[in-house]
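Worksheet for the structure shown next.
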Amino acid sequence: ENKEIEVLRQREEMQKQQIEMWKQQAVEMEQVLKDLDGDLEKQFIECYCQGLDEGGKLAMVYLVKNRQKIDEAIRAAKRLRGDEEPSSVN
Numbered sequence: 002e003n004k005e006i007e008v009l010r011q012r013e014e015m016q017k018q019q020i021e022m023w024k025q026q027a028v029e030m031e032q033v034l035k036d037l038d039g040d041l042e043k044q045f046i047e048c049y050c051q052g053l054d055e056g057g058k059l060a061m062v063y064l065v066k067n068r069q070k071i072d073e074a075i076r077a078a079k080r081l082r083g084d085e086e087p088s089s090v091n
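Here is the structure:
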């Protein structure tokens, strides 16, 4: 029984760490987007996709190819960081 409790505790801790990592990535992504100019797609993929898994890379490519999504990503990063009140979500 103690083993089960420990496993659950470890799983919960890993989830917390994953969420913190995602928050940090969102903040970093916001900064990368601010710093980019020129060939947006090429630079974005080079400086942000290194080290991401395939799913993450696909998500980044999608974001770059859909530039109108970038503002949404920045707003999301600010919300995660607590810079902005969350807008109402339908």
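Everything in the sequence shown is counted per the working numbering, starting at 2 for the first residue and increasing by one.
In this text, a Cβ means the ideal position worked out from N, Cα and C, and glycines have one as well.
Fair warning: this is a prediction, and the values are worked out from it, not measured in the lab.
Buried or exposed by the 16-neighbour rule on C-beta atoms within 10 Å, applied to alanine 78:
Alanine 78 should be labelled buried.
Would methionine 15 be called buried (16 or more neighbouring beta carbons within 10 Å of its own) or exposed?
Exposed.
With 16 other Cβ atoms within 10 Å as the buried cut-off, status of methionine 22:
With fewer than 16 Cβ atoms within 10 Å of its Cβ, methionine 22 is classed as exposed.
Thinking C-beta only, is leucine 81 closer than 8 Å to isoleucine 71?
Against a cut-off of 8 Å, the Cβ pair of leucine 81 and isoleucine 71 comes out as no contact.
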